[in-house]
Every structure is written in C-alpha cells, then in structure tokens.
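Just so we're aligned: the sequence shown equals residues 0 to 117 in numbering that gives the first Met the number 0.
Backbone N, C-alpha and C define an ideal beta-carbon position, used for all residues, glycine too.
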Amino acid sequence: MTTPLLVCLAALIAVAFAVLGASKIRAVASMQARAAHVGFSVGAYQRIGVLEVAGAAGVLIGLAIPPLGLLAAAGLLLLMVGALGAHLRQHDGVAEMAPALVVIVLLVAYLWLAFGKI
Numbered sequence: 000m001t002t003p004l005l006v007c008l009a010a011l012i013a014v015a016f017a018v019l020g021a022s023k024i025r026a027v028a029s030m031q032a033r034a035a036h037v038g039f040s041v042g043a044y045q046r047i048g049v050l051e052v053a054g055a056a057g058v059l060i061g062l063a064i065p066p067l068g069l070l071a072a073a074g075l076l077l078l079m080v081g082a083l084g085a086h087l088r089q090h091d092g093v094a095e096m097a098p099a100l101v102v103i104v105l106l107v108a109y110l111w112l113a114f115g116k117i
C-alpha cells in the first residue's frame, strides 16, 4: 500500500540517486576525485552512475509496480554496501561514510514500509 511517507521516501531516494548518478555519468570533477580516492576508474564510476539513475527510476516506478521498487531498492542497497566497503578499504572515517550510511537507512525504511519486512 502506498502511503504519503512511502511516496516521500521514494522521492527522496530517487532525487538523491538521480543527482549523484548523473554527476557520475557526466564525470564532474568532484566525482572524478571520489572515483580516484576509492580506486575506481572514471569509466567504472560512470557505470555505477548508470545503475544509480536506473535504481532511482525503479524506486519511483515501484510506487505503481511494487516488485520493481523492491528490486530497485535492493540493488541500490547493494551498491551502498559496496560503497561502504570501498570507504573501509581506504580507511575513511565516519564523515566520509556518512552519506552512504544515511542512504542505507532511507533504503531500509523504504523497503520496510513498502514490503513489511526485509
């Protein structure tokens, strides 16, 4: 069942991933620096950006087609777990990991509200 809170979470997740994904696809300078910091090529980071934009669209479409929202949110959650792994590999602190942690919380909340259990 779609609730106003679920719609807000989906919109917040979609905007965050659409903006960040588009920045990665366009290879803006800050994203190139982040890619280098975690040991990714710009091309690999661009492919991650494509996945993020697709996941953002999937979460929004998932409001009408719930199985698609589940798959999109699960995929984005896996990307964020990978992002945490990349930060840990670089011995980054909590400040560098905070955006990924916040998005993980949003994704888990979305999945919980949309599907009742994970």
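- Go to A34, then tell me how far its alpha helix (DSSP H) extends in each direction, as first and last residue. Looking up residue 34 in the sequence shown gives position 35. Residues A28 to V37.
- Query: Could you give the distance in angstroms between the alpha-carbon of G48 and the alpha-carbon of Y109?
  - Reply: Taking the first residue of the sequence shown as position 1, residue 48 is located at position 49. Taking the first residue of the sequence shown as position 1, residue 109 is located at position 110. Taking the straight line joining both Cα atoms gives about 21 Å.
- Task: Report yes if the C-beta distance between A17 and V52 is below 8 Å; otherwise report no.
- Result: Your numbering for residue 17 matches position 18 in the sequence shown. Your numbering for residue 52 matches position 53 in the sequence shown. Taking 8 Å as the Cβ cut-off, A17 and V52 qualify as a contacting pair.
- What's the call for G81, buried or exposed, on a 16-neighbour Cβ count within 10 Å? In the sequence shown, the residue the question calls residue 81 occupies position 82. That one is exposed.
- Message: Please classify I12 as buried or exposed, where buried requires at least 16 neighbouring CB atoms within 10 angstroms.
- Response: What you label residue 12 is simply residue 13 of the sequence shown in a count that begins at 1. Per the 10 Å Cβ criterion, buried.
- Per-residue DSSP class, three states only, for H90: Position 91 of the sequence shown, counting from 1, holds the residue named residue 90. The answer is coil: DSSP assigns H90 none of H, G, I, E or B.
- Within 10 angstroms of its Cβ, does G68 collect 16 or more other Cβ (buried), or is it exposed? Counting from one through the sequence shown, the residue named residue 68 turns up at place 69. The residue in question, G68, is buried, as its Cβ has 16 or more Cβ neighbours within 10 Å.
- Mind checking V104: buried by the 16 CB within 10 Å criterion, or exposed? Mapped onto the sequence shown, residue 104 falls at position 105. With fewer than 16 Cβ atoms within 10 Å of its Cβ, V104 is classed as exposed.
- Query: What distance in whole Å lies between the Cβ atoms of A99 and L83, which are believed to be in contact at a cut-off of 8 Å?
  - Reply: For the purposes of this step, residue 83 is taken as residue 84 along the sequence shown, with counting starting at 1. For the purposes of this step, residue 99 is taken as residue 100 along the sequence shown, with counting starting at 1. At roughly 5 Å, the Cβ-Cβ gap stays under 8 Å, so L83 and A99 are in contact.
- Message: Since V89 and V41 should fall inside the 8 Å C-beta cutoff, what is the C-beta to C-beta distance between them, to a whole number of angstroms?
- Response: Against the sequence shown, residue 89 aligns to sequence position 90. Against the sequence shown, residue 41 aligns to sequence position 42. A small correction: the amino acid at residue 89 is Gln; Val does not occupy that position in the sequence shown. Q89 to V41, Cβ: 17 Å. No contact.
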